[in-house]
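Comments concern the structure below.
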Amino acid sequence: MSRLLRSSLLCAVALVLAGEALASPLPVVTPRLPSADGDLKEGDSFWKISAEHRVRLLNINPLEVNGVVAEDVEWTEQRLRILGTVARVGVAAVHMEFDVLDGVLFGDNGSFGGTPSVTSGLGLASKQGNLSRWKVGLRPGEDPLLVDSYGLVLEEVEPVRVNFAYGEVRLPIGLLRVGRQPVAEIGEIYANDGRSGRNRWGTSFYHESADRLLFGTKLSEIFRYVAEGDAYRPDSRMDRGIILAFVYDHLVEDDASVGADDLRAFGTQLSLKMPELELLGPGWRDLELTVNTSYRWDERFSTSIIALPVRAGISYEALSLKASGILIDGTTRELSSGFAELTGGNVVDQSIEAMGARVSLEGRLGSVSLVGEWAYASGDDDPRPETPMSIFSWARDTNLGLVLFEHTLAFQSARAASVGIENLSQLSAPAFPFTELATETRVTNVNAFFPQVFWDVADGLQFKLGALFAWTDVPAIDPIGTIMEIDGNEVADDAINYNGGEPGNYWGTEIDVGVSWLYRDAFQTVIEAGVLFPGDALHDENGEAVPSWMIETRFTARL
1 MSRLLRSSLL CAVALVLAGE ALASPLPVVT PRLPSADGDL KEGDSFWKIS AEHRVRLLNI
61 NPLEVNGVVA EDVEWTEQRL RILGTVARVG VAAVHMEFDV LDGVLFGDNG SFGGTPSVTS
121 GLGLASKQGN LSRWKVGLRP GEDPLLVDSY GLVLEEVEPV RVNFAYGEVR LPIGLLRVGR
181 QPVAEIGEIY ANDGRSGRNR WGTSFYHESA DRLLFGTKLS EIFRYVAEGD AYRPDSRMDR
241 GIILAFVYDH LVEDDASVGA DDLRAFGTQL SLKMPELELL GPGWRDLELT VNTSYRWDER
301 FSTSIIALPV RAGISYEALS LKASGILIDG TTRELSSGFA ELTGGNVVDQ SIEAMGARVS
361 LEGRLGSVSL VGEWAYASGD DDPRPETPMS IFSWARDTNL GLVLFEHTLA FQSARAASVG
421 IENLSQLSAP AFPFTELATE TRVTNVNAFF PQVFWDVADG LQFKLGALFA WTDVPAIDPI
481 GTIMEIDGNE VADDAINYNG GEPGNYWGTE IDVGVSWLYR DAFQTVIEAG VLFPGDALHD
541 ENGEAVPSWM IETRFTARL
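The sequence shown begins at 1 in this note's numbering and counts up one residue at a time.
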């Protein structure tokens, strides 16, 4: 096991920051408190409760494209999301979001007296479901040192999770927001708050939050005030003008009496939004250019990381162009510090140089929308800490297709990570990077093209079709398996992928189809199906991998 620990450490050092980069603080300055309008007057009391209940039925065959541990997989899960706002109109508000039974499986699952425990010793006598869901873990009686020992196992779930709870106040000079809040109210490659409707394919199941102090103001109002003088009237719309925001995040505090262990972050946002573009002529509209900066630092691990996320968009007639990207650069000693006492290795600064991007062009022809999407996330084919870490992963809820990243790669990477997690779960260390080895559905190490067609057949009824062609940015490797195979100074001749085969350059081709029906803006039914034809990046040592198909049905009620 000592060899496993030493080897696993090195690859973990090279990958963990892929997940860290996604949590870069990004300002959000759109007020969510109600404004005086109609029957509402400034200062009036106001409250609102909204709810979303979702049920997902999934079938994937096989989940594992190179083995027999997870072949024909089927499950049904649920989630109730409750959002609440209590406010004084135009003055201040408190917002909350809770998830109830998040990911909980249908049925009474587990063993009597075990974890999770069933409600009855007899399945025939069960009269209620329990709190269980599946995860990738060590199967009973299997060898923890072998990847094939890990499959789908049950775990107990917290019945209620608080996603967000924060307050905001509208000041004469801007908006102040304090508390646990969405990291960003967007669905981009670098941040996604997990709200429903952020994706064209698949669904949202994760939320990114920050314990944050935020201030935002509309700079363009200053220019208008100077230019218009006594004729000036405030414009509170946040979809036009120049907006400036600042955030300060508390990411880690640990010991309250020690300041050196605090991990902090500071971010800025400058955004230009112009819904009307008369200067460019008729037909031009919806110009947006947003530039963010994010810097996180601590003393304990000498962390110093800067991220530069940007997004832009513009529309002309029936065409819309949108683009987003991010550059990450910095260093940290946290990873090697976490395991130095276990491995006897040196504490080193890991250099970070990663990037990601997405560009989409959409054209509307009557009731049909044609979309071309290019997707990119940098990879890393040398997991040693002496070389720069260059892998980037998209935000968890920013999807690309239905099968490859959402299920196939998520399962394979989770098994690789579980080998290290299982063997270190009883040990104490300053950092625990193995959790970040699993992609957890994130898009990573990819250079892909994704043409799509959406047909609005009738009010509330839509059909869709897409074909994902996904190459790797660099040859796909299993970091743990590769490090264990290294027998010299070169990595390329020892590298293997997640299935034990040679690193490949093509993830595969995926065909996705779907239909959705929305009834009275309150109840939606979605059926989506996809088939993945694996490329050489998913082949095993025999150069083989079988196609994988999935079908998902979702029922969602929103009030």
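For glycine and all other residues, C-beta sits at the position ideal for the given N, C-alpha and C.
Because the structure is a prediction, the values reported are computed rather than measured.
Reducing DSSP to helix, strand and coil, say where residue 479 ends up. Position 479 of the sequence shown, counted from the first residue, corresponds to residue 479. DSSP places residue 479 in helix when its eight states are reduced to three.
When you compare the CB positions of residue 300 and residue 354, do they come within less than 8 Å of one another, or not? Start at 1 with the first residue of the sequence shown, and residue 300 comes out as number 300. Start at 1 with the first residue of the sequence shown, and residue 354 comes out as number 354. In this structure, residue 354 does not lie closer than 8 Å to residue 300 by Cβ.
Grouping DSSP H, G and I as helix and E and B as strand, with all else coil, what is residue 472? Here residue 472 refers to the residue found at position 472 when the sequence shown is read from its first residue. Judged by DSSP in its simplified three-state form, residue 472 adopts coil rather than helix or strand.
State buried or exposed for residue 399, treating a residue as buried only when at least 16 other CB atoms are found within 10 Å of its CB. Your numbering for residue 399 matches position 399 in the sequence shown. Counting Cβ neighbours within 10 Å, residue 399 comes out buried, since at least 16 surround it.
Give me, in chain order, the residues of the same chain whose beta-carbon lies closer than 6 Å to that of residue 135; leave out the 5 immediate sequence neighbours on both sides. The residue you call residue 135 lines up with position 135 of the sequence shown. The residues are 155.
Of the choices 527, 519, 477 and 505, whose alpha-carbon is the least far from that of residue 463? Residue mapping note: residue 463 aligns to position 463 of the sequence shown, counting from 1. The shortest C-alpha separation from residue 463 is found at 527.
Cutoff 7 Å; reference residue 275; Cβ partners in own chain excluding five residues on either side: Within the sequence shown, residue 275 is the residue found at index 275, counting from 1. Once the five neighbours on either side are set aside, the close Cβ partners of residue 275 are 239, 240, 285 and 286.
Residue 547 beta carbon less than 8 Å from that of residue 483: On the sequence shown, position 483 is the one that residue 483 refers to. On the sequence shown, position 547 is the one that residue 547 refers to. No, the Cβ-Cβ distance between residue 483 and residue 547 is not below 8 Å.
Leaving aside the five residues before and after residue 86 along the sequence, list all residues of the same chain whose C-beta is less than 6 Å from its C-beta, in chain order. Residue mapping note: residue 86 aligns to position 86 of the sequence shown, counting from 1. Hits under 6 Å: 47 and 94.
Status (buried if at least 16 other CB within 10 Å, exposed otherwise) for residue 232: Within the sequence shown, the letter at position 232 stands for residue 232. Exposed, because fewer than 16 other Cβ atoms sit within 10 Å of the Cβ of residue 232.
Suppose only complete runs of 3+ residues qualify. What are the beta strand (DSSP E) ranges in the stretch 167-242, listed by chain order? 174-182 and 209-218
Apart from the five residues on each side of it in sequence, which residues of its chain come closer than 8 Å, Cβ to Cβ, to residue 111? Counting from 1 along the sequence shown, the entry for residue 111 is found at position 111. Excluding positions up to five away in sequence, the list reads 117 and 118.
In or out: residue 350 buried (at least 16 other Cβ within 10 Å) or exposed? By one-based count along the sequence shown, residue 350 stands at place 350. Buried.
Let me make sure I understand the geometry here. Which of 417, 120, 273 and 214 has the alpha-carbon closest to that of residue 314? In the sequence shown, residue 314 corresponds to position 314, counting from 1. Of 417, 120, 273 and 214, the residue nearest in Cα terms is 273.
Where does the unbroken beta strand (DSSP E) through residue 525 begin, and where does it stop? By one-based count along the sequence shown, residue 525 stands at place 525. Residue 525 -> beta strand (DSSP E) spans 523-534.
Sequence-distant residues of its chain with Cβ nearer than 7 Å to residue 541 (five each side left out): What you label residue 541 is simply residue 541 of the sequence shown in a count that begins at 1. Excluding sequence neighbours, residue 541 sits near 500 and 501.
Taking DSSP as the reference, what is the three-state secondary structure of residue 95? Taking the sequence shown and counting its residues from 1, one reaches residue 95 at position 95. Strand at residue 95.
What would DSSP say about residue 5, mapped onto helix, strand or coil? Numbered from its first residue, the sequence shown carries residue 5 at position 5. For residue 5, the predicted structure reports a pLDDT of 37, less than 50, and the residue's modelled location is therefore unreliable. A value from the coordinates is still provided. Of the three classes helix, strand and coil, the one that applies to residue 5 here is helix, per DSSP.
Any idea what DSSP makes of residue 71, helix, strand or coil? Residue mapping note: residue 71 aligns to position 71 of the sequence shown, counting from 1. Three-state result, residue 71: coil.
Name the DSSP bridge partner or partners of residue 86? What you label residue 86 is simply residue 86 of the sequence shown in a count that begins at 1. Looking at the DSSP assignment, residue 86 forms a beta bridge with 47 and 94.
Where does residue 148 sit, in a helix, a strand or coil, going by DSSP? Here the question's residue 148 lines up with position 148 in the sequence shown. Residue 148 falls in the helix class under three-state DSSP.
With a CB to CB cut of under 7 Å and the five nearest residues on each side skipped, what residues in its chain are close to residue 217? As a position in the sequence shown, residue 217 is number 217, starting the count at 1. Same-chain partners within the cutoff: 173, 174 and 244.
Which of the three DSSP states is assigned to residue 437 in this structure? The count along the sequence shown starts at 1 and reaches residue 437 at position 437. The answer is helix: DSSP assigns residue 437 an H, G or I state.
Residue 74 burial status per 10 Å Cβ neighbour count (16 or more: buried): Translated into the one-based positions of the sequence shown, residue 74 becomes position 74. Answer is exposed; the Cβ neighbour count stays below 16.
Buried or exposed, going by whether 16 or more other CB atoms sit within 10 Å of the CB of residue 282? Numbered from its first residue, the sequence shown carries residue 282 at position 282. So residue 282 ends up on the exposed side.
With a 10 Å radius around its C-beta and 16 neighbouring C-beta atoms as the bar for buried, classify residue 451 as buried or exposed. Working through the sequence shown from its first residue, we reach residue 451 at position 451. Exposed.
Residue 366 versus 319, 409 and 325, residue with shortest Cα-Cα distance: For the purposes of this step, residue 366 is taken as residue 366 along the sequence shown, with counting starting at 1. Ranking 319, 409 and 325 by Cα distance to residue 366 puts 319 first.
For residue 15, which of helix, strand or coil comes out of DSSP? Against the sequence shown, residue 15 aligns to sequence position 15. With a pLDDT of only 35 at residue 15, under the threshold of 50, the placement of this residue in the model should not be trusted; the figure read from the coordinates follows. Residue state, collapsed to three classes: helix.
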